[in-house]
Amino acid sequence: MYTTQAPSRPVHRQFPGGPPLAGLAVTSTALFLAGLIASTVMAGKAFPSPFDPGASIQTYFHGGFFQFAAAVPLAIYAATASSRLRTLGIRAPGATIALVGGALAAAFLSISGLVTWTLAQPAVLASPALVRGLHYLAFATGGPGSVVPFGLLVAGLAVPAAFGALLPRWLAATGLIIALAAEFSTLSLLIDGAAYLLPVARFAGLAWLITAGALLPKNRPAPAGSGPE
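The numbering of the sequence shown is my numbering, which starts it at 32 and goes up by one.
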């Protein structure tokens, strides 16, 4: 005896818009903050100097695990946001810029997390020169290396969302300001005083991604009068 089954619904219709963007941004933010807070509490100080005692460096840089983990939901956010923009009819380069920027930001953040984890290993601490070199590499990759393309993710989402009326204008404008701060953080590689732009752009950007992810629609509303008669 044969039985008939109703045709299965396509996956993209069962889960329109992909994973929740706000949830991904919250997860990435929570993991990053967890590593920052845990490292500071355990070491009793903020980012250590390459010339600090080995025990202090080792304790602080155990937080590299959280930094590496935070890169994963950030990469998923970039892919999901780019796909959703295209679903919403955005054909401008912004969707691709958001994807590339988010992928690079996540990649450099994960590299920084792995370098940070390496700095916490006892064998590395025996070589002060190696500690200093890896310390600078961790800053370069997790600082401007990650924050600058992070700005591209924000801008790539804010600009097309503004032109397509997908987000409130004030939110899109705020995103552009944050993106500019992220791009100017490149100067931290040349000027020590510009390093303050890194946390400003990172944490303001994460808060912006959470808000934008919560407000960005999954589907375009049907035009008025297009419903069934």
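Ideal placement from N, C-alpha and C gives every residue a C-beta, glycine not left out.
Counting only the Cα atoms, L202 lies some 12 Å from A245. For S158, the secondary structure class from DSSP, reduced to helix, strand or coil, is coil. P51 has its alpha-carbon roughly 22 Å from the corresponding atom of A210. Of I68, L140, S158, the smallest CA-CA separation from L105 is found for L140. When secondary structure is reduced to three states using DSSP, P199 falls in the coil class, being assigned neither helix nor strand. Looking from the CA of V57, the closest CA among A192, A189, P248, I241 belongs to I241. In the structure shown, I208 adopts helical secondary structure according to DSSP, grouped into three states. Assignment of Q152 by DSSP, reduced to helix, strand and coil, places it in the coil class. Taking the CA atoms as reference points, T149 sits about 10 Å from A169. Between F97 and T60, the alpha-carbon positions lie close to 10 Å from each other. The beta carbons of P199 and L119 sit about 15 Å from each other, so the pair does not count as a contact at 8 Å. Taking the Cα of L221 as reference, the smallest distance to any Cα among P175, I208, G164, A193 is reached at P175.
If you ignore the 5 residues before and after A137, its C-beta comes within less than 6 Å of the C-beta of A102, L105, A106, all in its own chain and listed in chain order. For T242, the enclosing alpha helix (DSSP H) stretches over residues 228-246. Shown here, I68 sits in a helix according to DSSP, grouped into three states.
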